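So the sequence shown is numbered by my numbering: it starts at 1 and just counts up by one.
A virtual CB, placed ideally from N, CA and C, is assigned to each residue, including glycine.
In this text, all values refer to a predicted model and were calculated from it rather than measured experimentally.
Note sheet for the following structure.
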Amino acid sequence: HVLVYLYRQGLTYADGTLWESDGLYGQSSVRILDPDTGEVLKKVDIPGEVFGEGMTYWNGKLYQITWKSQRGFIYNATTLDLISEFKFQTTNNEGWGITWDPCKEEFVVTDGSAYLHFWDKDTLTEKRKVPVKRIDGRDARKLNEIEWFRGKILANVWYEDVLLVIDPVTGAVEKEYGTSNPYHHVL
Numbered sequence: 001h002v003l004v005y006l007y008r009q010g011l012t013y014a015d016g017t018l019w020e021s022d023g024l025y026g027q028s029s030v031r032i033l034d035p036d037t038g039e040v041l042k043k044v045d046i047p048g049e050v051f052g053e054g055m056t057y058w059n060g061k062l063y064q065i066t067w068k069s070q071r072g073f074i075y076n077a078t079t080l081d082l083i084s085e086f087k088f089q090t091t092n093n094e095g096w097g098i099t100w101d102p103c104k105e106e107f108v109v110t111d112g113s114a115y116l117h118f119w120d121k122d123t124l125t126e127k128r129k130v131p132v133k134r135i136d137g138r139d140a141r142k143l144n145e146i147e148w149f150r151g152k153i154l155a156n157v158w159y160e161d162v163l164l165v166i167d168p169v170t171g172a173v174e175k176e177y178g179t180s181n182p183y184h185h186v187l
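Laid out in structure tokens, this is it:
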């Protein structure tokens, strides 16, 4: 028996539907899941030469980015039919996490660097990028999966047991939730 572990990269929920993006070369996919059981209701594989990463929902579509290939995919959120593909650039020229900012109507992307990248909703090109600083003043390196929540960006940090609450305008980390850091807060 061979155990294959797929990385769960993006989890998106809207209007009673749960979507998942998973990653591994040759095995990445986008899935619609039953939100109560986690059962896969529909699955679409992405090209084998790319490693699927973060994904977000906006306006009836799913926007998925890939790790090192600088390629993104747009899907119909109901059917998972591929609508189009796009190329992107970031600080590290990688894609890690993506979320939708409903206030400014733009995408926010991470790439493992200490930057949040803000993309135009129509062209999917960078409008600006904001450096993120931890509470202790360090650069917030390895920003990974992100979510928009009440006007803030929630981000996990790769290989750390921490969740950062980031001001998207200033890039300042306002709170750090985690068991092993001195800035621990209770949710």
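Quick one, which of the options has its alpha-carbon nearest residue i's?
i: Met55; options: Asp34, Ser113, Trp96; result: Trp96
i: Gly178; options: Asn92, Val157, Glu94; result: Val157
i: Arg31; options: Lys142, Val169, Gln9; result: Gln9
i: Gly23; options: Lys42, Asn59, Ile65; result: Ile65
i: Thr90; options: Gly48, Leu143, Lys133; result: Leu143
i: Gly72; options: Gly38, Glu85, Lys61; result: Glu85
i: Glu126; options: Leu41, Asn93, Glu176, Glu49; result: Asn93
i: Leu18; options: Gly38, Ile146, Gly171, Gly137; result: Gly38
i: Trp67; options: Asn76, Ile46, Lys61, Trp58; result: Ile46
i: Glu147; options: Gly137, Gly52, Tyr57; result: Tyr57
i: Ala14; options: Asp34, Ala155, Asp161, Tyr25; result: Asp34
i: Glu197; options: Tyr159, Gly151, Asp161, Glu160; result: An answer regarding residue 197 cannot be provided, because it is not within the stretch 1 to 187 covered by the chain.
i: Gly26; options: Tyr159, Leu11, Val44; result: Val44
i: Val169; options: Ile135, Phe118, Lys87; result: Phe118
i: Glu20; options: Val130, Gly60, Lys129, Glu53; result: Glu53
Note the first and the last residue of the continuous beta strand (DSSP E) segment covering residue i.
i: Gln64; result: 61-66
i: Phe51; result: It is not in any beta strand (DSSP E) - Phe51 carries neither H nor E in the DSSP assignment.
i: Ala155; result: 152-157
i: Tyr22; result: The amino acid occupying residue 22 in the given sequence is Asp; Tyr does not appear at that position. Taken as a continuous stretch (DSSP letters only), the beta strand (DSSP E) holding Asp22 covers 17-23.
i: Gly178; result: 173-178
Using the three-state DSSP reduction, which class does residue i fall into: helix, strand or coil?
i: Asn92; result: coil
i: Asp167; result: coil
i: Arg31; result: strand
i: Thr56; result: strand
i: Gly202; result: The structure shown does not extend to residue 202, since the chain is modelled only from 1 through 187, so no value can be given for it.
i: Glu39; result: coil
i: Glu160; result: coil
Could you tell me whether the stretch 98-107 touches the stretch 80-88, where touching means 3 or more Cβ pairs closer than 8 Å?
no
Which complete alpha helix (DSSP H) runs does the stretch 61-145 hold, if anything under 4 residues is left out?
none
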